[in-house]
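S.K.: All residue numbers for the sequence shown refer to full-length UniProt numbering, where the first residue is 1 and numbers rise by one.
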Amino acid sequence: MWKSMKNVRIGWWMANVAWPTAFCFWFQIIVVLFVSRGILSQLQLYIFHFLWLLIVCIFFSAVMTPPVEVRQSYPDVDRDTWKGNYCEKCDYIKPLRFHHCRICKICVDRMDHHCPILQMCIHRGNHKFYLLFLIWPIFLAIFTICNGYEYLILVRSSFNGTRMLFEEHIMSIGVSNAVMVGFAASYLLKTQLPNALHNQTLIEEARGESDYDTGSWRQNIESIMGPLYISWLPISFKAL
1 MWKSMKNVRI
11 GWWMANVAWP
21 TAFCFWFQII
31 VVLFVSRGIL
41 SQLQLYIFHF
51 LWLLIVCIFF
61 SAVMTPPVEV
71 RQSYPDVDRD
81 TWKGNYCEKC
91 DYIKPLRFHH
101 CRICKICVDR
111 MDHHCPILQM
121 CIHRGNHKFY
131 LLFLIWPIFL
141 AIFTICNGYE
151 YLILVRSSFN
161 GTRMLFEEHI
171 MSIGVSNAVM
181 VGFAASYLLK
191 TQLPNALHNQ
201 TLIEEARGES
211 DYDTGSWRQN
221 IESIMGPLYI
231 SWLPISFKAL
């Protein structure tokens with residue numbers, strides 16, 4: 001019971017405090033410090049605002065989309081007959097592609113994995129938002145690095161005695177953070193993209209299941225992300 005409550009508290013803290021604080025930190029560094037030094041042009045400022053707002057919307061879309069609950073429509077069943085689809089912990093029949101999450105304590109539709117970053121399951125309803133949350137931060141990281149790489153060079157020069165202002169330290173931290181976020185998101189996307197191209201979850205990949213592959217990478221992507229013209233936007237779409 002205590003462990004379950006602890007997980008809920010951590011999830012609430014991550015979703016409501018940690019990530020919003022990080023978003024505000026990045027905004028302050030790029031908009032306030034970079035602009036005050038004349039690093040960004042008006043067009044670059046518009047690009048940053050677009051990327052930043054898009055990522056914030058994607059984040060909240062992901063964490064505020066709960067998994068669909070299983071309808072308990074078979075109260076009296078023979079467990080031996082439905083052994084392959086019967087959840088002993090939830091005590092009901094699981095539809096296809098449902099899997100029990102030991103952290104959330106429920107059966108989740110089209111469960112991919114329980115994400116420690118978002119502190120919730122990646123499932124049919126928010127898988128698109130999770131993928132977008134990996135893709136767009138890479139673009140923002142590239143944007144930040146291209147406009148602030150000189151502060152990383154300045155940090156290296158500081159080891160030789162070059163003094164840095166406090167603002168320059170903060171900006172170098174922001175650019176370093178962009179490097180780490182870019183690499184981390186790229187690594188996670190590398191593990192997710194092959195599965196998305198085959199309409200496969202991480203759980204199904206581990207089990208060697210590929211029953212839902214349509215044979216067309218485009219149809220597989222659209223089954224998760226929606227039509228290509230809206231696939232890059234945080235617009236809700238019911239994955240197949």
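All C-beta atoms, glycine included, are put in the ideal place defined by N, C-alpha and C.
#1: Verify whether the separation of the beta carbon atoms of Ile-58 and Pro-234 is less than 8 Å.
#2: With C-beta atoms as the reference, is Met-225 less than 8 Å away from Leu-134?
#3: Which residues mark the beginning and the end of the alpha helix (DSSP H) in which Cys-24 is found?
#4: Am I right that Asn-147 and Ile-39 are in contact with their C-beta atoms under 8 Å? What's the rounded C-beta distance?
#5: State yes or no: is the C-beta of Met-111 within less than 8 Å of the C-beta of Ile-203?
#6: Cα separation between Arg-102 and Trp-52?
#7: Give me the Cβ distance between Ile-221 and Trp-136, rounded to the nearest whole Å; I'm assuming they're in contact under 8 Å.
#8: When you measure from the CB of Cys-101 to every non-hydrogen atom of the ligand NAD, does any distance come out below 7 Å?
#9: To the nearest angstrom, report how far apart residue 267 and Trp-217 are at their CA atoms.
#10: Roughly how many angstroms separate the alpha carbons of Gly-208 and Met-180, rounded to a whole number?
#11: Considering only residues of the same chain and omitting the five flanking positions on each side of Leu-43, which have a CB-CB separation below 7 Å?
M.R.: Looking at the coordinates:
#1: If you number the sequence shown from 1, residue 58 lands on position 58. If you number the sequence shown from 1, residue 234 lands on position 234. It is a contact, given that the beta carbons lie within the stated cut-off.
#2: The residue labelled residue 225 in the question sits at position 225 within the sequence shown. The residue labelled residue 134 in the question sits at position 134 within the sequence shown. No.
#3: Against the sequence shown, residue 24 aligns to sequence position 24. Per DSSP, the unbroken alpha helix (DSSP H) holding Cys-24 starts and ends at 19-27.
#4: Here the question's residue 147 lines up with position 147 in the sequence shown. Here the question's residue 39 lines up with position 39 in the sequence shown. Contact holds; Cβ gap of about 6 Å.
#5: What you label residue 111 is simply residue 111 of the sequence shown in a count that begins at 1. What you label residue 203 is simply residue 203 of the sequence shown in a count that begins at 1. Yes, Cβ-Cβ distance for Met-111 and Ile-203 is below 8 Å.
#6: Counting from one through the sequence shown, the residue named residue 102 turns up at place 102. Counting from one through the sequence shown, the residue named residue 52 turns up at place 52. Straight-line Cα distance between these residues: approximately 33 Å.
#7: Along the sequence shown, one-based indexing puts residue 221 at 221. Along the sequence shown, one-based indexing puts residue 136 at 136. Incorrect: roughly 16 Å between the Cβ atoms, too far for contact.
#8: Of ligands this structure carries none, so the ligand NAD is not represented either.
#9: One cannot answer for residue 267 here, as it falls past the ends of the chain, which runs 1 to 240.
#10: Position 208 of the sequence shown holds residue 208. Position 180 of the sequence shown holds residue 180. Rounded to the nearest angstrom, the two C-alpha atoms are 32 Å apart.
#11: Taking the sequence shown and counting its residues from 1, one reaches residue 43 at position 43. None.
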